[in-house]
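Residue numbers (our numbering), protein chains in the order written: chain E, 1 to 310; chain G, 1 to 303.
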Amino acid sequence: MSSAPTEQAATTQQAKSPRFSLGNPWSKPRWLTGITWVYILWSLLPVLLAIRVAFNEGRSRTAIDGWSLKWFFGDNSFSVFGDPALQDALTHSLLLAGLAMLIATPLGIMLAIGLQRWRGRGSGPANVVALLPLVTPELVFAVGLFLLFTTLLSTIGLGTTAQVIGHVTFSMSFVVVIVRGRLVTVGPDVEEAAADLGAPPLAVIWRVLLPLLAPAIAASVLIVFALSIDDFVVSQYLASGADTATVPMRIYAQARAAPLPSLNALATLMLLFTLLALVLAYVVFRFMTRGEKRGSAIEQIASIDSGGGR
Amino acid sequence: MANRRIWGFFAAPGMVWLGLFFVVAFYAVISVGLGNINTLYQPIPHWNPLDWNVGYLIQAIESVIPGGQNWPVVVRTVIYITAAIIGALLIGYPVAYYASRHAGRWRGLVVVLLILPFWISYIMRMFAWTNLLAPDGYGSKFLSALSIDSLFSSLGLLDGTDWLGGQGITVVIALIYGYVPFFILPLFASLDRIDQRVIEAARDLGAPPPSSFWRVILPMSKPGILAGLVLVALPMAGDYYTQTLMSGSPSTSMIGNTINDYIQGGPDKSLGAAMTILLSVVLLFFMLYYLRTLRREQGEVAA
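Written out as structure tokens, the structure reads:
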């Protein structure tokens, strides 16, 4: 994480011994720079173009064609806010994300605290179970929940409740990883001090531990939101019909069928919500950990996600 | 301390939740896969292991061995995933290496740009390509202006000029595009952890840059490479949406599509569940391998 001294070493090295400039392992190989920027362009340009098309004047979804907001707000029945199907998808995605956020965060925080401290019989398998959803292919996970809700839990059945449960289940593991990371950073010292000074265990948790965990909690809330908004497989498997379709499900269903930029507009709005949540997560985390010895907050948040395909 | 037990109590709600919706959910897959069906072709799960019926599992196994109905799909899935992770390695390693060692004052920006795709919905990123690769899309035009389509055709990788018309190569490239960010970030983290002094030592002892790369950096980043490749191979093994969006043709379908068709499509849910069991057994080894590296890293952070 400490790149600054490294760079200094590199520059002094270069300054002192110019004869090494040809073979200097710290010189920047141009081709690496080239590959990286070409890759970044390749990874982001398609999405930027898809966003640009959402602001088209015309009906084309494959070419840039004027400027307008009509695919977002137009009063025709094809815009996001004119077409009930698209609007419902957006509301449903936000509803699922909101509920997932409210349930997954407290459960995940408690689980993280519990797992971090609990040493004893069963804690090993418990640790594995808490992390396993991170690496389980989403299809396997979704098939499991689908069969659970169509057999054993058929009283709940498919639909919004099942979707929320699915989102909570996979995002809880992310909360556990984030909060445990913070627990490790914070260390047990302050808590022990509080306990030594006579604070009862619950007061230690409530008045010492939770405030210390606040940045991780804030980051978790917003990351659960982003994960839920972006999710496709679990939402699709647990949907019960058109009224439980989410934004990614709409996009998936219509990507190759109905060629109107309103779909791009819908995708753009979804992306906007995700990025807002992430920027907020970053800012809040940074604000709350200000004054602490900082590893880059970006890199901390970067190291959080280890699931794929979402 | 008397309050030791309180921590187990803390973990309880989350564990019960995961127990029900993760462990029991997977048990439901087993019960359906080893269950039976009623006259309406609806699955009847057999929850009691003593009642398990291995018929569907045997049927599933017979379908994925050479000569079986799903054997071509299995072969294709393995080829696609192998090609895609090789592609991810060739693209991802230089990028992660640059970001961790050479980005200099651009480092913050580069890292943010590398993280971004991560948080853009996968479906949206694929959707962007369906626009670009449409016959009149910018991507198709660009590729044909550079004669890349005729190059691929002459190599036998592309049939005709419609990139979205059931082309295996499009699915593989889309898989690389989709998953390479998930490979780059953990690799970046592991390259970043390599102690600069070790590389300085190699140089001081007279190693020219190429050999300090091949003999010091690369071996030290091997665990990161393996973990990253496992991390991207796992979701690819259950991916069905990339194929549907980029091709949709049965001639490019992967094992995920087969399972998805069984479960969501027709009357073969029990067979689909049996296939899911098989897939999980194959992947379990890789999942546990990845978890082990993840926990080892967490341990290092703790130490």
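Ideal placement from N, C-alpha and C gives every residue a C-beta, glycine not left out. Model, not experiment: these values are computed from the prediction.
Residues of the same chain with a CB within less than 7 Å of the CB of residue 53(E), apart from the 5 flanking positions on each side, are 61, 64, 261, 264 in chain order. Taking the Cα positions, residue 62(G) is about 52 Å away from residue 198(G). The beta-carbon distance between residue 18(G) and residue 143(E), rounded to whole angstroms, is 17 Å. This is too long to meet the 8 Å contact definition. In this structure residue 148(G) is exposed. Its beta-carbon is surrounded by fewer than 16 other beta-carbon atoms within 10 angstroms. In the DSSP assignment, residue 36(G) is bridged to 44(G). In the DSSP assignment, residue 92(E) falls within the unbroken alpha helix (DSSP H) covering 84–117.
Taking 7 Å as the cut-off, the beta carbon of residue 231(G) is found closer than this to the beta carbon of residue 182(G).
Relative to residue 231(E), the option among 30(E), 205(E), 267(E) whose CA is nearest is 267(E). Taking C-alpha positions only, residue 181(E) is separated from residue 211(E) by approximately 15 Å.
At least 7 Å separates the beta-carbon of residue 227(G) from that of residue 283(G). Under the DSSP assignment, residue 119(G) falls in the alpha helix (DSSP H) whose first and last residues are 107–119. Counting along the chain, the unbroken alpha helix (DSSP H) around residue 42(E) starts and ends at 30–54. In this structure the segment 237–255 of chain G touches the segment 155–166 of chain G; the number of beta carbon pairs closer than 8 Å is three or more. By alpha-carbon distance to residue 174(G), the top candidate from 74(G), 106(G), 84(G) is 84(G). Comparing alpha carbon positions, the residue from 279(G), 94(G), 241(G), 265(G) closest to residue 122(G) is 241(G). Just so you know, the alpha carbons of residue 55(G) and residue 227(E) end up roughly 38 Å apart. Spanning the alpha carbons of residue 64(G) and residue 261(G) requires a straight line of approximately 15 Å.
For residue 136(G), at least one C-beta of chain E is nearer than 7 Å to its own C-beta.
Under the three-state reduction of DSSP, residue 57(E) is assigned to coil, being neither helix nor strand.
For residue 230(E), the chain G residues whose C-beta falls within less than 9 Å of its own C-beta are 119, 120, 121, 122, 123, 124, listed in chain order.
When secondary structure is reduced to three states using DSSP, residue 76(G) falls in the helix class. Contact with chain E is found for residue 7(G), since one of that chain's Cβ atoms lies less than 7 Å from the residue's Cβ. Rounded to whole angstroms, the Cβ separation of residue 185(G) and residue 118(G) is 7 Å, and the two are in contact under 8 Å. The beta-carbon of residue 156(E) is placed no less than 7 Å from the nearest beta-carbon of chain G.
The DSSP-derived three-state label of residue 155(G) is coil.
When the alpha-carbon of residue 9(G) is set against those of 45(E), 107(E), 50(E), the nearest one is in 107(E). The Cβ atoms of residue 158(E) and residue 240(E) lie closer than 7 Å to each other. Interface flag for residue 250(G) against chain E is unset, since no Cβ pair is found closer than 7 Å. By the criterion of a C-beta distance shorter than 7 Å, residue 68(G) is surrounded in its chain by 62, once the five residues flanking it on both sides are discounted.
When the alpha-carbon of residue 276(E) is set against those of 245(E), 166(E), 111(E), 224(E), the nearest one is in 224(E). The criterion of a C-beta distance shorter than 7 Å is satisfied by residue 77(G) and residue 255(G).
No Cβ-Cβ contact shorter than 7 Å links residue 222(E) with residue 176(E). Contiguous alpha helix (DSSP H) elements confined to the segment 267–292 of chain E do not occur, taking only those with 4 or more residues.
Around the beta-carbon of residue 76(E), fewer than 16 other beta-carbon atoms lie within 10 Å, marking it exposed. Between residue 269(G) and residue 263(G), the C-beta spacing is below 7 Å. Interface annotation, residue 59(E): not in contact with chain G, CB-CB separation never under 7 Å.
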